[in-house]
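Q:
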Amino acid sequence: MNTDPPGYLTEDLQLREVSGPPSYRGITSGPVQYIAIANQSGVVIAYIYANDEDDVAGWQARPDVGHEAHSGYYPWMIKLRACKARGLPPSAALDELVRDEVDTPQDPRSHVVPGPRRHADSLEALRDHPATSNSVRS
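Just so we're aligned, residue 0 is where the sequence shown starts under numbering that gives the first Met the number 0, counting upward by one.
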């Protein structure tokens, strides 16, 4: 009987890099452009932001809204991933989301708030938007 430990216990692991779907980076230290997303009642639940310089686009939930902001994330992020897969810069992805208007046409639960794209000096300023409007400008 062989008493040597099996190879998987003694051999070096052969790590290989795997990746998920194409996606924009989520964090930037620079300014961001953003659009507001509202629920069916018209309450703003989150913002979708973009920064072309750092190839960043993401979802910033409003903390005062609760779980609804987090549950609304998925359909919008699927759209952003599709934009990235087609090679669109983040600002062009925002333009496409504005044109689409709703999260899912067959069962819309949230929509883009009409109006111009807004600007924030940083992600921190956007996160603080409901409490502090001084650092966010239209």
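Where a beta carbon is used, it is the ideal one built from N, C-alpha and C, also for glycine. Quantities reported herein were computed from a predicted structural model and do not represent experimental measurements.
Straight-line CA distance for G57 to Y72?
A: 10 Å
Q: Report the option in S40, Q32, G41 whose CA atom is closest to the CA atom of I47.
A: Q32
Q: In three-state terms, what does DSSP make of S137?
A: With a pLDDT of 40 at S137, under the threshold of 50, the modelled position of that residue is not reliable, and the figure given next carries that caveat. Residue state, collapsed to three classes: coil.
Q: Where I36 and Y7 are concerned, what is the direct C-alpha to C-alpha distance, given to the nearest angstrom?
A: Their backbone Cα atoms lie some 50 Å apart in a straight line.
Q: In whole angstroms, give me the CA-to-CA distance for P21 and R85.
A: Distance between the alpha carbons of P21 and R85 is about 9 Å.
Q: Taking the C-alpha atoms as reference points, what is the distance between L12 and M0?
A: 26 Å
Q: Based on DSSP bridge pairs, tell me the residues matched to W58.
A: I47
Q: Applying the 10 Å Cβ sphere with the 16-neighbour rule, what's the burial state of T27?
A: buried
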